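Here's the structure, in structure tokens; my notes come after.
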Amino acid sequence: MHWLRLLVLSLVIIVTASCSSQATTVQHDTTDTIHLVPEGFEGKLIVIYNVEGAPKLKKEKGFTVIPYNQDGTYLTSTEDMEYGAVTDEFYYVDQKDKRTPIETKCTYLFPNSGITVAERRLLYNAFYLTQSHCSEDFHGKGPENADNRNITGSVEEKLKQEGLLE
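Positions 179 to 344 (the numbering used here) are the ones given, in order, by the sequence shown.
Right, dumping it as structure tokens:
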């Protein structure tokens, strides 16, 4: 009987210690990303991660910086995106690198996803940026046009342009 009490007590201690150690390691991560968008751009913004030979993303004051190309895409060898509460900042950037903030209500975040190319998992995230339909409704629901919602097709097209997908 003594060994049974000892066993139950040991299990209680292990479960309690396990729960308390997990509670102290829970983190509330944020995305902390700065999106630098070519001035006047409207449409899909797509970042493809884990692309061999592409530049790594840089940091600026603790934020990851994504300098989009004129077509609204950016390929990086950084393996993965930041996850957590979305704290991203968007800026239009002119030819003199002057930044103009873009209102959150002009952006829509698509679900993150990925594609496997030559046994390499490429993750991507995408936003839609509008100048003409900025609203809380747009920010919550995104573009109405089905073509503007096809992110996978846009990712595949970009990978084909770059010679990474046949």
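Heads up, the beta-carbon is just placed ideally off N, CA and C, and yes, glycines get one too.
Quick caveat: nothing in here was measured; it's all calculated off a predicted structure.
Handout entry: aspartate 266 classed as buried or exposed, judged by whether at least 16 other C-beta atoms fall within 10 angstroms
Key = Buried.
Practice task
Identify which residue in Thr209, Glu220 and Ser332 has its Cα closest to the Cα of serine 310.
Solution key: Here the closest residue by C-alpha is Glu220.
Problem - Alpha-carbon spacing of aspartate 275 relative to isoleucine 293, whole angstroms - result: Taking the straight line joining both Cα atoms gives about 33 Å.
Exercise for the section: May I ask you to list the residues that DSSP assigns as paired with alanine 263? Expected result: Per DSSP, Thr208.
Problem - Candidates Gly240, Gly320 and Lys338: closest to leucine 223 by CA position - result: With distances taken between Cα atoms, leucine 223 lies closest to Gly320.
Problem - glycine 318 (DSSP reduced to helix, strand or coil) - result: Under the three-state reduction of DSSP output, glycine 318 falls in the helix class.
Practice task
Identify every residue that forms a DSSP beta bridge with alanine 304.
Solution key: DSSP lists Ile224 as partners of alanine 304.
Problem - Short Cβ contact (8 Å threshold) for leucine 214 with isoleucine 244 - result: With respect to the 8 Å criterion, leucine 214 and isoleucine 244 are classified as neighbours on the basis of their beta carbons.
Problem - Cβ pair count under 8 Å reaching 3, the stretch 321-336 against the stretch 257-273 - result: The stretch 321-336 vs the stretch 257-273: no contact.
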